[in-house]
Amino acid sequence: MAGARKISLAVAKPSTEQPKEEPPHGSHPIPRAPEHEPIPLIFELSVRSRRGANLAADRTSQRGADILGAKLCRTDLAGFPELSEPDVMRHFLKLSRRNFAQALQFYPLGSCTMKYNPVLNDEMAALPELAGLHPRTPEHLAQGALELMVRLEAALASITGMDAVSLHPAAGAQGELCGLLLARSYHLAKGRARTKVLIPDTAHGTNPASAHLAGYKAVTIRSNPRGFIEAAEVRRLLDDDVAALMVTNPNTLGVFEPEIQSIAAALHERDALLYLDGANLNALLGIARPGDMGADIVQINLHKTFSTPHGGGGPGAGPVGVKRHLESFLPTPRIASRAGAWYLDYDRPASIGRLRSFYGNFGMLVRAYAYILALGSDGLARASRLAILNANYVRKRLEDRFPSATPERSMHECVLTHDLDKRAGVSTLEIAKRLLDFGIHPPTIYFPLVVPGALMIEPTETESRETLDEFVAAMERIYSEALADPQLVKDAPHTLALSHVDEAEAARHPILSWQPK
Amino acid sequence: MAGARKISLAVAKPSTEQPKEEPPHGSHPIPRAPEHEPIPLIFELSVRSRRGANLAADRTSQRGADILGAKLCRTDLAGFPELSEPDVMRHFLKLSRRNFAQALQFYPLGSCTMKYNPVLNDEMAALPELAGLHPRTPEHLAQGALELMVRLEAALASITGMDAVSLHPAAGAQGELCGLLLARSYHLAKGRARTKVLIPDTAHGTNPASAHLAGYKAVTIRSNPRGFIEAAEVRRLLDDDVAALMVTNPNTLGVFEPEIQSIAAALHERDALLYLDGANLNALLGIARPGDMGADIVQINLHKTFSTPHGGGGPGAGPVGVKRHLESFLPTPRIASRAGAWYLDYDRPASIGRLRSFYGNFGMLVRAYAYILALGSDGLARASRLAILNANYVRKRLEDRFPSATPERSMHECVLTHDLDKRAGVSTLEIAKRLLDFGIHPPTIYFPLVVPGALMIEPTETESRETLDEFVAAMERIYSEALADPQLVKDAPHTLALSHVDEAEAARHPILSWQPK
Amino acid sequence: MRFLPHTEADIAAMLEVVGAASLDDLIAHVPAELRDRAAIRIAPGLGEQQVAASIAALAERNRDAVRMTSFLGAGYYRHYIPAAVRSITSRAEFATSYTPYQAEASQGTLQAIFEFQTLITQLTGLEVANASMYDGASAAAEAVLMAHRLAPARSIVAVSRTLWPDYRAAIRTYLSALRSIEVVELPFDATTGAVDIDALKRLAGPSLLCVVAGYPNMFGVIEPLATIAEIAHGAGALAISATAEALALGLLKSPGELGADIAVGEGQSFGLPVQFGGPGVGFMAARTGSLRQMPGRLVGQTHDRNGTRCFCLTLATREQHIRRERATSNICTNHSLCALAATVYLSLLGRQGLRDLASLNVELAHDAAARLATAGITPRFSGPFFNEFVIRLSNPVACIQAAERNGILAGVPLGPDYRELPDCILISVSELNNPDDFARLADVLAEVA
Amino acid sequence: MRFLPHTEADIAAMLEVVGAASLDDLIAHVPAELRDRAAIRIAPGLGEQQVAASIAALAERNRDAVRMTSFLGAGYYRHYIPAAVRSITSRAEFATSYTPYQAEASQGTLQAIFEFQTLITQLTGLEVANASMYDGASAAAEAVLMAHRLAPARSIVAVSRTLWPDYRAAIRTYLSALRSIEVVELPFDATTGAVDIDALKRLAGPSLLCVVAGYPNMFGVIEPLATIAEIAHGAGALAISATAEALALGLLKSPGELGADIAVGEGQSFGLPVQFGGPGVGFMAARTGSLRQMPGRLVGQTHDRNGTRCFCLTLATREQHIRRERATSNICTNHSLCALAATVYLSLLGRQGLRDLASLNVELAHDAAARLATAGITPRFSGPFFNEFVIRLSNPVACIQAAERNGILAGVPLGPDYRELPDCILISVSELNNPDDFARLADVLAEVA
Ligand SMILES: Cc1ncc(COP(=O)(O)O)c(C=O)c1O
Ligand SMILES: Cc1ncc(COP(=O)(O)O)c(C=O)c1O
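Sequence lines, in order, name chains A, B, C and D.
Start counting the first sequence at 17; every next residue gets the next number (the numbering used here).
Start counting the second sequence at 17; every next residue gets the next number (the numbering used here).
Start counting the third sequence at 81; every next residue gets the next number (the numbering used here).
Start counting the fourth sequence at 81; every next residue gets the next number (the numbering used here).
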């Protein structure tokens, strides 16, 4: 790996040294690199009456418009794009090159599990018999799709230690809402309307937001100085108004909640439920199952642990697993079998109903199933162990400069902090931006909120030791830069098309769409 | 198109002005942009016993090696790559981003017809029933593939005005060899071994090379000062040793050979053949057919006129069209029909035989057929006219600075020259390299050989007027730079990962493969 | 394992750095009784060839369905998807990046989403659109919640019965915790198949929060949105339009033009496969005044230090990761890549192409209806329709089975969702159907009916 | 037309700049009688949906073949192709660029091809490899021409009859103009299925130019390459090995190690679909001493002005665009993208994976042979084989038809190419076959035979 190291060194050249790739004739202005030129909006590239994709041989049908008549039809789509197919392709290909991406570089975004996404999984989802299957297809003609979903439910149940899984929710947050509505139905069925959900101060923002949507008051529970929740504290806050406790395990500090079982016990004593946010399940495969921890409800982010591509922000999928006592409340339809065939069961009187159309983000389910088949029992167990190894390796290598926010052992991610703001006035955001100059996507920053200037690093198991070493070298480099020449860091990035994007301006005067001149 | 123009202006800022994208704190060394970092070789990224793609669950089979025994088996593949799948993907994705490409930018490589390649065509070629069809499949089970080939042959015959087409050759040059071997067989069948082939001084290098391979002496025929071949000159050189004349029409100056018909007549008087190099067919669709010009043989570069992707240098396909009197000599097998079904006819005693395996580059044939269906008679005819319009537009807009090498009307491409070497010591190569700073791939340079410092520009019909205007602006800009600040041009490119690649060194001390240290 | 780069040597060296004796040593702090029970009980890992084979085998079991002539719609629509859409959305740079928090490293996604937002405002005729929602149903539910934030004092949500069952269910579920809100179902006019205007008028009072109507609706009928909005506005309530067949917006008057205050819908028709119901892409647009109550992400235009125009996520103060329980929604991961697909699709079809395709869909649907009429089967409703219409059959079950035997998926039976329409099926037509499909359908149905 | 950006306004404006009255005005100088006859007589253009539909309809007619259990090989081989190969080769940057003349704008292709050249040298055990040839057959022909340039005084080319018929035909055709050269066919040993060594010895004299042998050969038999090379060298001639199943080179001793002077072959097995015979990718490797006589492109390592390592096309002085009729070949466009596919494929499988796959192929082929033996059908030849072997059947035609009826493509009948083996068929096995394929084949053949 001499080669790979060479990279990190090349980048990390002393800030005094004249970078050797500068042309000798420094006199010349260096024009902006073509790949750094601003890209016009698709609307600005439009030319009146230019045509892109066409119907059969550019056949234009006015008849449809005539059938409906002018009263119902709009006159025109003024401002809509008018480009040839080649120009549309060129536009979006150019745009694509303005993204950092997991497939191209290290992307240790904490809490997001940016692991390798096998392209086979995308091909499987695109099979005509899967991608072309209409959701209203009669069940007896869609047995393959239903079978796939049933197998995925079973695999997820076994992996999480839950009794039943619903593939319905579109993402983690919808899974949370689903789970909390299940809790609500559970309590209502017992004739009580509980009002509170306990949520740790380290929780992801979706947790309180989901609790609120589900009609609960989010009561914050403090994690202790070591970064975890104490059963005693839970007991202190527990009363008969508490419907559930929502806890992420390992939590957003990357710490496995050591008292999770006694916390579950405490909750169950009061018939309150343990909601386990499974966004960090990548730390637990074959190591500890939410079900065994005492969780009544868990949501699973397939786009994290089960490697469905993040797509620049989705789509994902957020299946929910529950224990037996909550199964009857799961969203409709459920997949059930009759006479050896699968069918969609809508006859579920206790169900919370639906949160979205149809049966879940099927295309994502196919990818997750393919991923589970590929890793299997051995691969999944190994994946979590290596994810943990990677996180602890990075934490250890950086500890002198970027100490861990907690003394506890890290699981799949580590949350680090630093004193550069005090020592050099360099902020976490500035460190993150400087990382971009090294071709590395920054970790999640300023989260969890309890850690000042947090750097939340989740390498994932698919990154090699060499890649981690390059990251460590870059972080060490930035640390010394911050002390030697803070402005160098504060002005970063220096090597991208943009630098210091004015986000305040965007919020102050929102421009949310293009307007024709 | 305000947007797009903005680009060209942004690039074309006066060389004195301080480029505004430079960070204010000029004091800092700007590290090499990540996307400009050298990429290690796949071998340098290897780590002993790391595994990529695996057989069933990493199953390793030693049995096979045991069956054959140590006498037959090698001990190891020392030095072979050892990477995980994610790292292999990352490596090649990174490499891909180091290429200019037609899909991303203007790529007016003269004589290469770098037009838009519809992605649908790649999808069609990838259909399991086409990509998965084994060439040894019994004919009655491969009727779809054979039918597609027959239809493509017919379309090409109609487009070129020839009587029969063979899809056999792998590329244009193999098509040339094929065509000349047909000529050879034709003459031998008539009991004479002719020895010479006339080839214009403007011809592409493959023409004389193919003539030589076919056992002919290549006799150069001068084009006149206006850039075309005169029938009189052909007559002067004609004797009974001349087997054929190989001419590209339009020729490599982009000029339609005005005397082509009388040249054909002259040849035919002596029973010599007219071989028409169809690499420039993109200028002729629906305008003039080689067959009507009197051509006996023509090769068609599907990767040019018919839009199969160039793939960084291939694969292509070079079908050959002939008149009736040459049909019997075409390569085997021919596709023939019997009882309403297609079969492969190998029983062709007069055939020249084969130049490659099987039936042609089928995957490319599918793409070309899809392209022909999409454009159809109307689209193809329009394509050539617009290709001609684009070439003449560029020629006209640049004529003051970069005059045309010929007074004749240009067809699909124009060949320009300039006086910057004399006036400023700036060479065509340096102009080409400077174009890279504008995100434009340079035209073909120093070809045809008859034009000093030639710039051979083939825009193709799929480029918009706005793109041509950007190119013109860049060329004008470079022209003034060359006069005002020649060193700026000579030092180009300034904005890419590399500058002034030492090609002489590569030839002086050839390093053609990686060696383990 | 091919995705895991670690060699035994790597592991040993890294463990030494970490100061652990083994991989299991790293998790020794996890309670033993949990570890003991955690062994995963599924098959061991497979090679890529085996994975592909086993999923192909499952897919094969759906084969008949995808090869049949189809008239299925009812919320998800069959349309031709240009290859360019797949080719762009499969670019690793788009597919394997995440939420564009780091603007400098995410301009590709950010600009594409800004273009998506613009396209949605153009289609809906409203001023602001967000970066995407999960789907049409959840977007409809979020729209009602948004209306609730805009007019917290009002309590009645009028949901048209002609809204897709999934949309109605999602609204009920999302609102189930809001005890103050009452969801009332608006009946439809048995003749036209559109909202019963009188019933709406009866509801239009001071406590009416909003009206939600399909445009077109579940029956393919183009609702009189202007009238509905007028009545709602008359009562000081909000009009919300929901569109499942977004292609219709390329030809019909925009919801905004007709007075809708919030327009939501499903963008699946714009370049996304039906893939058994998801992922599609929800969209939401509204008036500038209600911007701060809008759920979901927003991409805004700005500039960098050098004045270069660029884009970034903005108004995040509405969102959960900052606002937590006071956020406008809990949505985090959205359907960004699907929004990109829609953006590419709409850019390819363009100003004229989209209208042409919508018009062709209308034309074909009406040709189909006409052909069925020649077989004595006439539309159940009189309201104008886009590319779907309802027919009544004497024996729908037998008809659907007969059609299936003839390789036709005749349509969606309405009985299960509409007790009052036990003998009706919904026929959906698109550019993927051709005239002889209509003839075949008519013949089969005529035979049985 | 969707690929053509020009609006009527563009055309008018551009014509004005050019000073032409109309588009046809631009071609007025083309003789009228040519223009009059040039109208293209094919159907007018189709929309993408229609293009896709009509090609899908053609593909459908091959459907049975691709769904059958197959034992077809004989020069082109069925292997599993990892999805990553398709994903990389479909990157627009690789697919839509051309020959990397501008090194600064082509490092992606240049470095990948440099890696390809290295992989080929590692597989062949020779020092230099080129950037690719069209296919195995033309590469074999070019190898003989190269040998001729290396030893112009010699005249006899000994081509093993166990070389694939296409390879032999290509050699004859490429050489047909070289009157000085005589192509002699080397018979094979009727027992072993390998080159008849005595026949070779008889040919080994001062005028022997080279020997071309398959490794493995058309019958799947692993030729005694060392012996062949020794005999050739003894006569001062060159030994050329040709390999159609390149996977074999992952396990067998390399041609270079066994004495081959030039090794050529077909790389289709490395990640390229069989796609009815092309495009595959030809490869060629040789010893450094013969570098200047090598045909085709070469990528070399160098550095730029700043000392950064990089790659460029080199030794172009051998090529047609500079050397013209004195070039080492006329090849220009080669099979670059296919070479990239092979590079990705080999990088994915890697040092151990390629060997394992080759070993698995040997294992399965021998399992198949063993299974057939239990049905009384034994290999026709005694030579060691890789993943193909020949069997003799009493009634091959009937057997093949019977197999087809049972959904099996039993193999390639040798009769048409080998008069002396009228009753033989060639069975090819790969990782795509499994043990019960063997059982089914054995049962069918046993029944008929
Ligand atoms: C801990 C945690 N919980 C919940 C979520 C929400 O999941 P999603 O983004 O899929 O809605 C996230 C995602 O970032 C998370 O990190
Ligand atoms: C005029 C001309 N003839 C022949 C050829 C050779 O075609 P190919 O590269 O497909 O072998 C070319 C390709 O550049 C060409 O431009």
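Even glycine gets a Cβ: it sits at the ideal position worked out from N, Cα and C.
Practice task
Give every residue of the same chain whose Cβ lies closer than 7 Å to the Cβ of Asp103 of chain A, excluding the five residues on either side of it in the sequence, and list them in chain order.
Solution key: Hits under 7 Å: Leu61.
Exercise for the section: Tell me whether Asn296 of chain B counts as near ligand 2, meaning its Cβ is closer than 7 Å to at least one heavy atom of that ligand. Expected result: Result yes, Cβ under 7 Å from ligand 2.
Exercise for the section: Count the CB pairs spanning the stretch 420-435 of chain C and the stretch 87-95 of chain A that are closer than 8 Å, and state whether there are at least three. Expected result: Taking a contact to require three or more Cβ pairs closer than 8 Å, the stretch 420-435 of chain C and the stretch 87-95 of chain A qualify as touching.
Practice task
Report the residue ranges of all beta strand (DSSP E) runs contained in full by the stretch 218-255 of chain C; include only those spanning at least 3 residues, in chain order.
Solution key: DSSP runs (the beta strand (DSSP E)) wholly in the stretch 218-255 of chain C: 236-240.
Practice task
Please determine if the stretch 297-309 of chain A and the stretch 518-527 of chain B are in contact, where contact requires at least 3 C-beta pairs separated by less than 8 Å.
Solution key: Touching, no.
Problem - ligand 4 site residues, beta-carbon cut 5 Å against heavy atoms - result: Summarising the ligand content, the structure contains ligand 1 and ligand 2 and does not contain ligand 4.
Exercise for the section: Starting from the Cα of Arg372 of chain B, find the closest Cα among D:Phe391, D:Arg248, D:Gly330 and D:Val263 and give me that residue. Expected result: Checking every option, the nearest Cα to that of Arg372 of chain B belongs to D:Arg248.
Exercise for the section: Quickly, what does DSSP pair Lys233 of chain B with across the bridge? List them, please. Expected result: In the DSSP output, where bridge partners are listed per residue, Lys233 of chain B has B:Lys212.
Practice task
Could you work out which residues of chain B lie near Leu84 of chain D, taking near to mean beta carbons separated by less than 8 Å?
Solution key: The answer, in chain order, is Gly395, Arg398, Ala399, Leu402, Glu477 and Thr478.
Problem - Limits of the unbroken beta strand (DSSP E) element including Arg383 of chain B - result: From DSSP, Arg383 of chain B is part of no beta strand (DSSP E) but of the alpha helix (DSSP H) over Phe378 to Leu414.
Exercise for the section: Please check if any C-beta of chain C sits within less than 8 Å of the C-beta of Asp103 of chain B. Expected result: By this cut-off, Asp103 of chain B is an interface position.
Exercise for the section: Using the Cα positions of Arg404 of chain C and Gly376 of chain C, report the straight-line distance between them to the nearest angstrom. Expected result: Annotation: Arg404 of chain C to Gly376 of chain C spans about 13 Å, alpha carbon to alpha carbon.
Exercise for the section: Please report how far the alpha carbon of Val344 of chain D lies from the alpha carbon of Met472 of chain B, in whole angstroms. Expected result: Their Cα atoms are separated by approximately 36 Å.
Practice task
Kindly indicate the opening and closing residues of the alpha helix (DSSP H) around Thr368 of chain D.
Solution key: From DSSP, Thr368 of chain D is part of no alpha helix (DSSP H); its letter is neither H nor E.
Handout entry: Ser65 of chain B and Leu84 of chain C closer than 8 Å at C-beta
Key = Cβ atoms of Ser65 of chain B and Leu84 of chain C: not closer than 8 Å.
Problem - Presumed contact (8 Å Cβ cut-off) between Ala118 of chain D and Gly302 of chain B, rounded CB distance - result: Contact flag correct, Cβ pair sits at about 5 Å.
Problem - Distance between Glu486 of chain A and Ala93 of chain C (C-alpha atoms, nearest Å) - result: Distance between the alpha carbons of Ala93 of chain C and Glu486 of chain A: 16 Å.
Handout entry: Proximity test, Cβ basis, 8 Å: Val382 of chain A and chain D
Key = No - not a single Cβ of chain D is within 8 Å of the one on Val382 of chain A.
Practice task
Name, going along the chain, the residues of the stretch 310-337 of chain B whose beta-carbon falls closer than 9 Å to a beta-carbon of chain F.
Solution key: Absent from the structure is chain F; the protein chains it does hold are A, B, C and D.
Exercise for the section: Using a Cβ-Cβ cut-off of 8 Å, state whether Glu555 of chain D counts as contacting chain C. Expected result: For chain D, the structure presents residues 81 to 529; residue 555 of chain D sits outside this window and is missing.
Problem - Proximity winner among D:Asp246, D:Phe356, D:Leu434 and D:Leu501, relative to Gly80 of chain B (alpha-carbon distances) - result: The candidate whose alpha carbon is nearest that of Gly80 of chain B is D:Leu434.
Practice task
Look at the alpha carbon of Arg176 of chain C and the alpha carbon of Thr413 of chain C, and state the distance between them as a whole number of angstroms.
Solution key: Correcting the residue identity first, residue 176 of chain C is Thr in this sequence and not Arg. Computed Cα separation, rounded: 13 Å.
Practice task
Please check if any C-beta of chain D sits within less than 8 Å of the C-beta of Glu139 of chain A.
Solution key: At least one chain D Cβ lies under 8 Å of Glu139 of chain A.
Practice task
Could you name the residues of chain B that Val208 of chain D contacts, counting a contact when the two beta carbons are closer than 9 Å?
Solution key: Within 9 Å Cβ-Cβ: Pro526, Leu528 and Ser529.
Practice task
Examine ligand 1 and report whether any of its heavy atoms sits within less than 7 Å of the Cβ of Thr324 of chain A.
Solution key: The answer is no for Thr324 of chain A.
Handout entry: Beta-ladder partner(s) of Met427 of chain A, from DSSP
Key = The partner list for Met427 of chain A (beta bridge, DSSP) is empty, contrary to what the question assumes.
Exercise for the section: Say yes only if the C-beta of Thr268 of chain A is nearer than 7 Å to one or more non-hydrogen atoms of ligand 1, and no if none qualify. Expected result: Yes, Cβ of Thr268 of chain A sits closer than 7 Å to a heavy atom of ligand 1.
Handout entry: Proximity test, Cβ basis, 8 Å: Phe108 of chain A and chain B
Key = Contact of Phe108 of chain A with chain B is not assigned, every C-beta pair being separated by 8 Å or more.
Exercise for the section: Verify the CB distance criterion: does Pro296 of chain D have a CB-CB separation below 8 Å to chain B? Expected result: For Pro296 of chain D, the nearest beta carbon of chain B is not closer than 8 Å to its own beta carbon.
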